Amino acid sequence: MAGSLAYFRRVLFDSSSRIACLSWPLFFALPRPCSRVLSTWTMPTKYIIAEILRLMPDLESFSRPSSAEAPEISIDRDLATKVLFALIAMVATWKICLYVDRARKIGRMNMPVVPGGLPFFGQVLELIRLPPWDLMVQWMERLGPIYRFTLFGESCVVVADPGLLREVLQTSMKAFQKDLGFTYKPFMPLLGTGLVTSEGQLWYTQRAMVSSVFRIEILEIIPDIAKRAVERLCTKLESVRNTDQAVEIGEMFRHLTLQVIAEAVLSLSPEESDQTFARMYLPIVTEGNRRTWYPHRAYLPTPAFWAFRKDVKVLNDYITSVIEKRWQLRQCEAKEPSHLPPPASAASPPHRQHDILDRILDGVHPKTWGSATVRQIRDEIKTFILAGHETSASMLTWALYEATQSQGVADRVAAEAAVVFGPDASATTPLPAADKLGSLIYTQCCLKEALRKYSVVPIVTRETVREVSLGSGRYLIPKGTRMMILIQGVHHRKDLWPSPLTYRPERFLKKGPEPFTFLPFIDGPRNCLGQHLALLETKIVLATLLQRFRFEAIGGERAGRKHPSMVPVIPDDPGLMVVVR
């Protein structure tokens, strides 16, 4: 049997059997659900081939055919080729049936279709010419809040209606899972199996664990961390005040928010965050963004490919080391009397507090401790850090840009900060109590309006795991359909937000927005657990900066153009260059 299989493999890949290569296009020529079925079908196919070979007595005797047996080999090759053609025909027939069935279901979807496009490729050329989310908003304005278009043979459904989004994100949530093969794929080496990417029972378990971590007491440590971080930034800005030297404030915000989340999660010092952690972490995020638009970067063995793999490994090893050392430290602390310091061998951050890692480890039983637990905690921490600093940095960048375009906005934030922090607040002035920080109402409105106008995460995707109906049965969504939740479309709907392209923080002063109309943190059970942390941190930073400095954006309105592809959305002028007064 082993000799027969070895011979059959040699026949398949022999130069005279190149027809076997025709099977590969079949994997890619039809939509993804068909390819998925085929990929699950290939395993039993191996056993079918083995059984066919077992029933071929002429082949059974071959191990290494000699030159004298050449005529028999020629006959057997013909037989093997016939078997191969039969298998290809079976696969092709099966995939065609799936394609026809899917086309029939698509015909029942009962929603507007984006006109034009190329066969199979669909609207791909249009999506290349313009920022995809901007183009989808234009389609929404023409076709309505739900429509579909074609992309590489797949039918994609775009939703920007609050009522339908309630079904997708809440009432029928189990029918829609994260689309890990599209939106999140470039970041999977970073996110792993963290809360953002998990599904089913694993997600419920992780959600329960993380929810306990983000209780109100964790928010009590954020203001002081944010205060220290913004004071370090103020020192840098003071050195260039009135010098006409432009600084890249967006990149400064990126480092500031990374310092805050790194200290809150791991008790890292700002020096370690900037000099060690940022050097490992930020290149991975940058390369992930590049892979979103240039997927070949994830497969071609270029220097960037190997650098990315190395960076991910170094980051994983670093965080794993921090987790294991913290566990050892906690075990030592549990054994030592409370009045004695822990052994010197158990390295502890010099300014350690009961941070997020400690709160996670509080829920880990020693009997469950092991490599799998460490790996899961590591992925959760990487998820916290990615979600906890990129969006916050983008939010701060856009809010500060808008303050440079409206002196009235900047003055109102500064006046509010003077009331809350004191008119002569400085680096040595302690922060007020938490309830008084809640008085930074207009400042928070400025941040929320920046999230609405610029939609720093303009779109998220889901994939249907079963056939589902939306809109009281009006729209049928087949299994395997990619759902695109157009957050920017919801935020720019004129019937929900009058004058949507105008920056007006006052929108949020009167009352909170209606459910599923303001989605920077997603609504429903899978909403962002760190949203309160992000808003608390950023309003302290923005209020402090606008109380002490005046900023001028280089390039004026041109500085406010959005980058066409980066997510979270940032200015097209990298980092937003400003002059400090």
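Per the numbering used here, residue 7 is the first one in the sequence shown, and the count goes up by one each step. Note that CB positions come from ideal geometry on N, CA and C, so glycine has one too. A quick note: this is a predicted structure, and the numbers were derived from the prediction, not measured.
Excluding five sequence neighbours on each side, which residues of the same chain lie with their C-beta closer than 7 Å to the C-beta of residue i?
i: I362; result: V219, I224, A270, V271, F390
i: L588; result: The first residue shown for the chain is 7 and the last is 587, placing residue 588 beyond what the model contains.
i: M572; result: N295
i: K442; result: V426
i: S178; result: V474
i: R480; result: N116
i: V370; result: T379
i: V328; result: L272
i: A310; result: E293, R303
Could you tell me which of the options sits nearest to residue i, measuring between CA atoms?
i: I447; options: T374, G394, V425, F311; result: V425
i: L146; options: L492, E512, E520; result: Going by the sequence as given, residue 146 is Met instead of Leu. Of the candidates L492, E512, E520, the one whose C-alpha sits nearest the C-alpha of M146 is L492.
i: V471; options: C534, L136, T177, D185; result: D185
i: S400; options: L262, G169, L170, R303; result: L262
i: R114; options: S161, W100, W312; result: S161
i: G414; options: Y509, I112, H395; result: Y509
i: W404; options: E469, A565, C534; result: A565
i: K516; options: Y481, C451, G495, R554; result: C451
i: E205; options: F311, H302, I325, P531; result: P531
i: P570; options: E277, E132, W139, P125; result: W139
i: R554; options: Y300, W312, S432; result: S432
i: L402; options: G518, A456, I329; result: A456
i: L535; options: V216, P464, L502, W333; result: V216
i: T326; options: V380, A409, L124; result: V380
i: D501; options: P151, E512, R135; result: P151
i: P526; options: S505, P464, E520; result: P464
Check whether the Cβ atoms of residue i and residue j sit closer than 8 Å, and answer yes or no.
i: K568; j: P577; result: yes
i: L548; j: L406; result: yes
i: R458; j: F524; result: yes
i: V318; j: L239; result: no
i: A540; j: T397; result: yes
i: M489; j: A252; result: no
i: V585; j: I546; result: no
i: T544; j: L437; result: no
i: T434; j: G428; result: no
i: T487; j: V236; result: no
i: A166; j: G495; result: yes
i: P137; j: A304; result: no
i: D385; j: G169; result: no
i: Q212; j: E469; result: no
i: I528; j: V462; result: no
i: V163; j: M142; result: no
i: L367; j: W333; result: yes
i: R556; j: A416; result: yes
i: L133; j: L124; result: no
In the DSSP assignment, find the beta strand (DSSP E) that holds residue i and state where it starts and stops.
i: R488; result: 488-492
i: T156; result: 152-157
i: L608; result: No statement about residue 608 is possible, as the shown extent of the chain runs from 7 to 587 and does not include it.
i: L482; result: 481-483
i: C162; result: 160-165
i: A559; result: 557-559
i: R468; result: 465-470
i: P183; result: Inspection of the sequence shows that residue 183 is occupied by Gln rather than by Pro. 182-184 is the span of the beta strand (DSSP E), which, as asked, contains Q183.
Quick one: give me the first and last residue of the alpha helix (DSSP H) that residue i is part of.
i: K331; result: 309-341
i: K388; result: 377-411
i: C451; result: 447-460
i: L582; result: L582 -> no alpha helix (DSSP H), and no H or E assigned at all.
i: Y287; result: 284-299
i: E543; result: 537-554
i: F259; result: 255-272
Less than 7 Å separating the Cβ of residue i from some heavy atom of the ligand FAD?
i: Y460; result: Ligands displayed in this structure: none; no statement on the ligand FAD is therefore possible.
Which whole-angstrom value describes the C-beta separation of residue i and residue j, a residue pair presumed to lie in contact below a C-beta threshold of 8 Å?
i: R587; j: E558; result: 7 Å
i: M194; j: Y153; result: That belief does not hold up - the Cβ atoms of M194 and Y153 are roughly 29 Å apart, past 8 Å.
i: L157; j: G128; result: 5 Å
i: L552; j: A420; result: 5 Å
i: L90; j: V120; result: Not a contact, Cβ separation roughly 40 Å.
Grab me the residues of residue i's own chain with a C-beta within less than 6 Å of its C-beta, minus the 5 sequence neighbours each way, in chain order.
i: G581; result: E254, G256, E257
i: F314; result: E293
i: I267; result: I391, G394, H395
i: W299; result: S571
i: K111; result: P484
i: Y460; result: W404, V575
Can you name, in chain order, every residue of its own chain whose Cβ lies under 8 Å from the Cβ of residue i, other than the five neighbours on each side?
i: L542; result: L225, I228, P229, A232, L443
i: F283; result: L264, A268, L274, Y324
i: A440; result: L225, E226, P229
i: A353; result: Residue placement at A353 is flagged as unreliable, the pLDDT there being 47, under the threshold of 50; the coordinate-derived value follows with that caveat. If we look at A353 and ignore the five residues flanking it on each side, its Cβ neighbours are K331, L335.
i: N533; result: F527
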